[in-house]
Amino acid sequence: MKATGFISLWTLVSLPCGQLANPAEHEDVVKHAIKLHRGKGAVVTQRKQWVLESCRKLSGLLRQKNVVLNKLKNAIRAVEKDVGLSDEEKLFQVHTFEIFQKELNESENSVFQAIHGLQRALQGDYKDVVNMKESSRQRLEALREAAIKEEMEYVELLAAEKHQVEALKNMQHQNKSLSMLDEILEDVRKAADRLEEEIEEHAFDDNKSVRGVNFEAVLRVEEDEANSKRNASKREVEDDLGLSMLIDSQNNQYILTKPRDSTIPRADHHFIKDIVTIGMLSLPCGWLCTTIGLPTMFGYIICGVLLGPSGLNSIKSIVQVETLGEFGVFFTLFLVGLEFSPERLRKVWKISLQGPCYMTVLMIAFGLLWGHLLQIRPTQSVFISTCLSLSSTPLVSRFLAGSVRGDKEGDIDYSSVLLGMLVMQDVQLGLFIAVMPTLIQAGVSTYSSIFKEILRILILIGQILFSLAAVFLICLVIKTYLIGPYYRKLHAESKGNKEILILGITAFIFLMLTITELLDVSMELGCFLAGALISSQGHMVTEEIMSCIEPIRDFLAIIFFASIGLHVFPTFVIYELTVLLFLTLSVVIMKFVLAVFVLSLILPKTSQYIKWIVSAGLAQVSEFSFVLGSRARRAGIISREVYLLILSVTTLSLLLAPALWRAAIMKCVPRPERRSST
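Read in order, the letters of the sequence shown correspond to residues -20 to -1, 1 to 658 in mature numbering (1 follows the signal peptide of the UniProt record, and there is no 0).
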């Protein structure tokens, strides 16, 4: 019975290959094959005759295929030996024969793959979901490979068509004399063909066999429906497809990053529209917040909320907008460093180093305690506590923008302490990002390997400390030997033209950013150090550079805060408003109390009054928790629900920050300084 069933299985797949014209007959064949497999509906003699006839047809098709292949091989040899054909004609004909050979071989492989899949399905258990899922996965992989092969065959047909056109052109050129203009155009055409062949990277063919590369089914979405109404030629429509959007089975959306033909300039119109829309809507939102007494940054966040997935959903290039917004962070921290001189850094370096470390340790300790009471995994507790321990450097920088920072005699300036602690938290952010892979592995490790994990964490900490030492050594060399001559050269070359000065300062920012990134330290720290190094050249230099860079910073900061709004979901906040308000107030109060406690221990007695202002500046949660939360969610450290809670608590804490900051300023800052700080 098993042998008969297997032969019937062959018949079930082979018959449709020989009788492709009648779908109704296919259905009858399938039903009959199933009955044969079950031993019903036919006598033994009829069954054997039917199977033998079907196998005979399949064998005949395979023999015909082999005969055709031999004829194609002979035809290829004959074409190659034909001296009457040009090279282009030979290439075209040989290419056509090879494509037909590949088509025959692929058709035969499809038959046997179908037989193997059907055999596996008949031997499986229809109640076994795992087996059916594996079968579905294998069929999906086979379909993906078939789609790739068909795509390659289509590309080869296009190439063969191109070769045919080349052959026809050569024949026409041989039969008529060319004018001088035609000869010039023909030479230009050949040079253009060579250029396209040289710059084409063949990225698809080079990467399809690389380990870790998977074939995926994607949807190609047209640019606009209006494009189909335009009187465009077929070639123009095909060129426009290069900027279409691709959507994979996981609903991720992709846009073109590098076209095959690099000689034609292209622009991402979705990204242009997104930036234009953000720029227009941020004006009324910022003006509204200014009218009611809130910082303009909240208007920009509201702009992102209105345009993002939770609002009008008009932003298509979310990743590109966020990437451009990161430059707002870079230039903001550069201006912070520009106002934060190395002398102030040396004055508060002990406080800046000790304060964030003590606060992070205390936050992790409280997190582990609450995690133990609530039965939360230790890795998840450590991650959440570390995220909540960070504070927003761009937000506090906007609070401190334009404030008076003159020190009282014998006292420490609160802005210096606050910015120093925030910079140290940025360093901790880089350290935590470096440790995250080990934290992910620790979440699935057994207790037997806990010592190895601790050792790996200590090694990573040592690497980060070594990198920090290398960064500050490089800064010392730059400050001593390079920054002075570099700025004087820029200043001399930029008289009457600020373009060189802006470009030179921007290049220096990116240089420091690259150095810290190569040393596995936070890129934000590199931007801050770039500003601190330039500020060492004097107050006049600082004022000149600030007047040039501030407009750039302001525009990019709008994009950054709008990108934060893209990840704010008001509906979720409204549904869970009571829980979120309780969690947010708990986090803000805990951070404020811990900061006051830590600063009471490390601040001199003459400067104890600034602990309230510094604690108010540190009481919110950094927007970088969005980045850490997204990475942790992808890695499986936290769940979707915890991720949304982190986003919501972060957003609400940022909204509460201005009120807490103003209350601290009103309580602790003298009236002349208070007016400029607010």
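All C-beta atoms in this analysis are idealised placements derived from N, C-alpha and C, irrespective of residue type, glycine included.
For Ile482 and Tyr461, the gap between their C-alpha atoms comes out near 21 Å. Per DSSP, the continuous alpha helix (DSSP H) segment holding Ile298 begins and ends at Ile298 to Glu319. Per DSSP, Asp228 lies in no alpha helix (DSSP H); the unbroken beta strand (DSSP E) holding it starts and ends at Met225 to Asp228.
Contact fails between the stretch 628 to 641 and the stretch 435 to 445, because fewer than three Cβ pairs, one in each stretch, are under 8 Å apart.
Each of Arg36, Ile544, Thr359 and Val198 was checked against the Cα of Gly308, and the nearest Cα belongs to Ile544.
Gln408 and Leu498 have their C-alpha atoms spaced approximately 17 Å apart.
Closest in C-alpha terms to Gln44, from the list Leu84, Ile298, Tyr234 and Leu557, comes Leu84. With contacts defined as CB atoms closer than 8 Å, Tyr467 and Val521 qualify as a contacting pair. Remark: fewer than three beta-carbon pairs, one from each stretch, lie closer than 8 Å, so the stretch 328 to 338 and the stretch 508 to 521 are not flagged as touching. With contacts defined as CB atoms closer than 8 Å, Leu236 and Leu261 fail to qualify as a contacting pair.
Ranking Lys647, Tyr280, Asp534 and Gly266 by CA distance to the CA of Val548 puts Tyr280 first.
Shown here, Leu435 sits in a helix according to DSSP, grouped into three states.
Shortest Cα-Cα distance from Val573 to any of Ser369, Ala512, Val201 and Lys459 involves Ser369.
Within the model, the alpha-carbon separation for Leu348 versus Ser361 is close to 6 Å. For Leu546, there is no enclosing alpha helix (DSSP H), as DSSP gives it neither H nor E. With a beta-carbon spacing of about 3 Å, Gly511 and Gly317 fall inside the 8 Å limit used to define contacts.
Under the three-state reduction of DSSP output, Gln517 falls in the coil class, being neither helix nor strand. For Arg119, the secondary structure class from DSSP, reduced to helix, strand or coil, is helix. Straight across, the Cα-Cα distance linking Thr243 with Ala171 is about 13 Å. The residues Val376, Leu380, Ile593, Val594, Gly597 and Leu598, in chain order, have a CB closer than 8 Å to that of Leu398 in the same chain once the five nearest residues on each side in sequence are set aside. Taking all protein chains in view, the Cβ of Met646 is surrounded by fewer than 16 other Cβ atoms within 10 Å, so the residue is classified as exposed. Each residue's CA atom was taken as its position, placing Pro275 and Cys269 some 6 Å apart. Taking Gly284 as reference, the option from Thr271, Val301 and Ser447 with the minimal CA-CA separation is Val301. For Leu287, the enclosing alpha helix (DSSP H) has its first and last residue at Thr276 to Leu287. For Met404 against Ser515, the beta-carbon gap comes to about 18 Å, at or over 8 Å, which does not count as contact. At a Cβ-Cβ threshold of 8 Å, Ser294 and Thr551 do not count as neighbours.
Between the alpha carbons of Ala612 and Ile56 lies a distance of about 58 Å. In the structure shown, Leu292 falls within a coil segment according to DSSP collapsed to helix, strand and coil.
Judged by DSSP in its simplified three-state form, Arg124 adopts helix. Between Ser372 and Leu634, the gap from beta carbon to beta carbon is short of 8 Å. With fewer than 16 other beta carbons inside 10 angstroms of its own, Thr271 counts as exposed.
Counting along the chain, the unbroken beta strand (DSSP E) around Leu199 starts and ends at Val198 to Val201. CA-CA distance, Ala139 to Ala127, rounds to 18 Å. Residue pairing from DSSP leaves Gln334 without any beta-bridge partner. Rounded to the nearest whole angstrom, the CA to CA distance from Phe251 to Ser619 is 31 Å. Between Leu402 and Ile463, the C-beta spacing is not below 8 Å.
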